[in-house]
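In UniProt numbering, the protein residues as written are 1 to 459.
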Ligand SMILES: [Zn+2]
């Protein structure tokens with residue numbers, strides 16, 4: 001036990017070192033509506049090759065700086081050998097099945113019982129819309145995704161219903177959490193935990209809860225927890241213009257979402273969590289999880305939204321129908337994914353800062369390597385307020401407006417209420433900054449052209 005304790009301290013202390021040498025690009029972007037902003041895209045790890053080996057499953061979409069310029073500035077100038085040794089040790093620990101399997105249960109060893117008690121206490125209110133995922137993440141020592149999802153599986157009776165092996169479930173969730181890039185300011189495991197918590201809130205809505213089957217709930221929670229898996233911190237246009245292999249693999253279409261889905265499938269199979277189910281059911285599960293995750297491609301939002309609108313106009317949604325139910329779950333996951341502006345100002349503001357940090361980080365890299373700065377990613381010309389107001393106006397308000405038509409509940413009204421207040425707050429900030437106000441980020445008005453594949457601009 002004491003070995004584990006010191007191992008953990010050691011790992012913890014080695015993080016800054018790792019951060020020094022692992023350059024992560026988090027450049028989420030908005031794909032635009034029509035092309036919408038490739039907003040939540042996420043994370044692509046950019047690394048210098050020096051001193052690094054590919055990780056566990058080799059699935060990470062690394063970007064090799066040598067493709068940009070031969071004189072990489074990310075040379076390891078300190079002791080590369082030492083760093084390599086440290087990272088190898090860390091990677092070994094993280095990738096070892098033995099350690100991986102017990103990481104989470106034992107992580108509580110270094111926390112006060114008080115913290116555990118508080119985290120448990122918070123889980124009693126996991127269905128509250130003002131649930132503070134940042135606090136929960138601190139109380140669980142960075143294990144919010146594992147703790148929260150495991151709790152929800154239990155709460156929804158999924159462990160019993162599907163006769164799940166709790167050790168396998170925990171191992172699966174630990175692998176999921178580990179495959180998020182903690183260095184991404186936004187697209188990390190805390191975002192996944194936040195989306196999973198929001199999804200749980202939607203599943204509890206009366207219209208849904210009375211018609212959903214355990215199977216629906218199972219798929220929804222897995223899709224929410226894995227929907228940005230292994231996000232590299234950059235958006236699709238970035239992957240396309242740097243000729244990244246994932247862009248080629250998925251033919252420049254929903255590149256990140258396809259990767260999140262296939263990564264999730266890989267972990268499902270590796271964990272053996274559903275090995276006791278029939279092959280047919282496992283295949284059905286994999287494809288339905290894919291349908292859910294692919295729906296989070298924000299560049300496809302208009303298609304989903306007009307379908308949703310047509311159904312609501314005709315009033316023909318019938319939740320006894322499995323296809324209709326799954327369509328609603330797609331819409332619910334879309335809402336959960338971009339619900340940040342519908343949270344309280346204290347939570348919403350933190351998310352806004354994090355996502356902007358990721359955008360600007362992408363912009364910095366693009367500038368540095370003359371890749372052409374993506375919309376919303378230029379810290380010289382953009383502000384958080386402008387980006388948020390555009391995001392709310394073009395993406396969030398239309399989606400949540402329709403959602404409230406479908407499910408006109410107190411939760412929907414609460415979300416719309418926060419959305420209005422938060423937008424007003426950002427407008428206040430905008431006025432202070434520019435003296436004008438009411439500016440909508442032009443990047444949101446050019447969304448149509450943004451969806452077009454971009455030519456590589458490497459020279
Ligand atoms: Zn997301």
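Just so you know, even glycine gets a beta-carbon here, dropped at the ideal spot from N, CA and C.
Under the three-state reduction of DSSP, which class applies to residue i: helix, strand or coil?
| i | result |
| --- | --- |
| residue 255 | helix |
| residue 373 | coil |
| residue 233 | strand |
| residue 228 | coil |
| residue 378 | coil |
| residue 188 | coil |
| residue 183 | coil |
| residue 126 | coil |
| residue 270 | helix |
| residue 338 | coil |
| residue 300 | helix |
| residue 121 | helix |
| residue 318 | coil |
| residue 250 | coil |
| residue 343 | coil |
| residue 205 | coil |
Heavy atom of ligand 1 less than 7 Å from the Cβ of residue i, yes or no?
| i | result |
| --- | --- |
| residue 230 | no |
| residue 166 | no |
| residue 296 | yes |
| residue 373 | no |
| residue 191 | yes |
| residue 195 | yes |
| residue 337 | yes |
| residue 227 | yes |
Would you call residue i buried or exposed, if buried means 16 or more other Cβ atoms sit within 10 Å of its Cβ?
| i | result |
| --- | --- |
| residue 247 | buried |
| residue 288 | buried |
| residue 123 | buried |
| residue 428 | exposed |
| residue 269 | exposed |
| residue 226 | buried |
| residue 96 | Residue placement at residue 96 cannot be trusted, given a pLDDT of 49 that sits under 50; what the coordinates show is reported in the next sentence. Exposed is the call here. |
| residue 198 | buried |
| residue 192 | buried |
| residue 147 | buried |
| residue 141 | buried |
| residue 323 | exposed |
| residue 251 | exposed |
Which residues in the same chain have their Cβ closer than 7 Å to the Cβ of residue i, if we skip the five residues on either side of it in sequence?
| i | result |
| --- | --- |
| residue 360 | 377 and 379 |
| residue 414 | 129 |
| residue 205 | 407, 409 and 411 |
| residue 150 | 169, 170 and 173 |
| residue 400 | 335, 342, 415, 416 and 419 |
| residue 290 | 261 |
| residue 271 | 168, 171, 172 and 175 |
| residue 425 | 345 |
Tell me which same chain residues have a C-beta within less than 8 Å of the C-beta of residue i, skipping the five on either side of it?
| i | result |
| --- | --- |
| residue 190 | 133, 134, 137, 144 and 145 |
| residue 366 | 27, 238, 372, 373, 374 and 377 |
| residue 163 | 276 |
| residue 286 | 265 and 268 |
Quick one: residues in its chain with C-beta nearer than 6 Å to the C-beta of residue i, no 5 flanking neighbours on either side, listed in chain order?
| i | result |
| --- | --- |
| residue 396 | 338 and 341 |
| residue 152 | 200 and 221 |
| residue 259 | 246 |
| residue 177 | 145, 146 and 189 |
| residue 364 | none |
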